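Participant: What follows is a structure written as structure tokens; I'll ask about it next.
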Amino acid sequence: MKGTALRAEKIGHVFGTGETAFTALHSVDVEVRRGEVLLLMGPSGSGKTTLLHILGGLLRPTSGKVWLDGERIENLSEEKRGALRLKYFGFVFQSYNLFPVLTATENVLVALDLARADLREGRARARRLLCEVGLEKRLDAYPNELSGGQKQRVAIARALAGDPLILMADEPTAALDAESGHRTMELFRRLAHEQNRAVVIVTHDPRILPLADRIVRIEDGRIAPESDGGDAARRQTEGAVP
Ligand code: ADP
Ligand code: MG
């Protein structure tokens, strides 16, 4: 079942004021759909992270509107947006942000709502999430015993803790070798296609282009015209699909 998860209309964002004001986004329209992997692609400094943070309710745009599941969110208080983030979003940050003194299981456990589940149930659920991302053999490993790709998977398992509708990742393959990057993308595709989540990935890594369902290109804070639907970009790279 597909459908719109997020819709942004005429998003503008200005950092700073007066002489130091800098317009990072100019009237950006974008739609995020369930069941697909959307790539926000563009060179460094083009506004990808800013747009991701606005779509994820982490940052309020200076103009434009954002709908989550049909409800406006950009005008809500920080507190209300915080509650929506917990309910609807999972974030995977490039630096993984794992606790070094906790095992893989414990790193996922901390993201579970333990008010609802007891510790035993929580551990079982953390293990299930780690199995889901292919880490069944590394449940008790500490971050420094894991490869970059494995740490990334722990971060993804943790982002799945709240069973989010929307999964967002900022440059998830930037620090990975080609094979790990490919496996991470395969995992994101599975989470989108089999679990009907919306996956939004910000990247300037051309290697992962063929694994996207849709590509939106950003240049200097604007949607690049050739990205309409992403089909053109997809056709260009079709030959590279494994
Ligand atoms: P990308 O993720 O595509 O590399 P960003 O969204 O991080 O780009 O940044 C877009 C532009 O906005 C860049 O020119 C950046 O320097 C500027 N920018 C980002 N964050 C801030 C900020 N907090 N204050 C001022 N300028 C910022
Ligand atoms: Mg960025």
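Note that the sequence shown covers residues 7 to 248 in the working numbering. Where a beta carbon is used, it is the ideal one built from N, C-alpha and C, also for glycine. Quick caveat, the model's predicted, so the values are computed rather than measured.
Would the C-beta of residue 209 count as close to the ligand ADP, meaning under 7 Å from any of its heavy atoms?
Facilitator: Looking up residue 209 in the sequence shown gives position 203. No, the beta carbon of residue 209 sits no closer than 7 Å to any heavy atom of the ligand ADP.
Participant: If you compare alpha carbons, which of 45, 141, 24 is closest to residue 198?
Facilitator: Stepping through the sequence shown from its first residue, residue 198 is reached at position 192. The shortest C-alpha separation from residue 198 is found at 45.
Participant: Report all residues from its chain with a CB closer than 7 Å to the CB of residue 54; omit the five preceding and five following residues, and keep chain order.
Facilitator: Along the sequence shown, read from residue 1 onward, the residue named residue 54 stands at position 48. 46, 48, 208, 224, listed in sequence order.
Participant: So what does residue 46 bridge to, in DSSP terms?
Facilitator: Here the question's residue 46 lines up with position 40 in the sequence shown. Beta-bridge pairing links residue 46 to 208, 222.
Participant: If distances are taken between C-alpha atoms only, which option among 149, 163, 204 comes closest to residue 105?
Facilitator: Within the sequence shown, the letter at position 99 stands for residue 105. Among 149, 163, 204, the Cα nearest to that of residue 105 is on 149.
Participant: Pick from 188, 182, 112, 151: whose alpha carbon is nearest that of residue 163?
Facilitator: Start at 1 with the first residue of the sequence shown, and residue 163 comes out as number 157. Closest option to residue 163, Cα to Cα, is 112.
Participant: What first and last residue would you give for the beta strand (DSSP E) that runs through residue 172?
Facilitator: Against the sequence shown, residue 172 aligns to sequence position 166. From DSSP, the beta strand (DSSP E) with residue 172 extends over 172–176.
Participant: Between which two residues does the alpha helix (DSSP H) containing residue 161 stretch?
Facilitator: As a working mapping, residue 161 is identified with position 155 in the sequence shown. Where residue 161 is concerned, the enclosing alpha helix (DSSP H) stretches over 154–165.
Participant: Across the segment 34–41 and the segment 214–229, are there enough close Cβ pairs to call them in contact, namely three or more that are closer than 8 Å?
Facilitator: yes
Participant: Please report how far the alpha carbon of residue 133 lies from the alpha carbon of residue 94, in whole angstroms.
Facilitator: Within the sequence shown, residue 133 is the residue found at index 127, counting from 1. Within the sequence shown, residue 94 is the residue found at index 88, counting from 1. If you draw a straight line from the Cα of residue 133 to the Cα of residue 94, it comes to about 22 Å.
Participant: Suppose you measure from the CA of residue 50 to the CA of residue 182; what does that come to, to the nearest Å?
Facilitator: As a first step, residue 50 is located in the sequence shown; it is residue number 44 there, counting from the start. As a first step, residue 182 is located in the sequence shown; it is residue number 176 there, counting from the start. So the two alpha carbons sit approximately 18 Å from each other.
Participant: What ranges does the alpha helix (DSSP H) occupy inside the segment 51–105, keeping only unbroken runs of at least 4 residues that lie completely in it?
Facilitator: 54–61, 84–94
Participant: Is the beta carbon of residue 70 within less than 7 Å of some heavy atom of the ligand ADP?
Facilitator: Working through the sequence shown from its first residue, we reach residue 70 at position 64. No; taking the cut-off as 7 Å, the Cβ of residue 70 has no heavy atom of the ligand ADP nearer than that.
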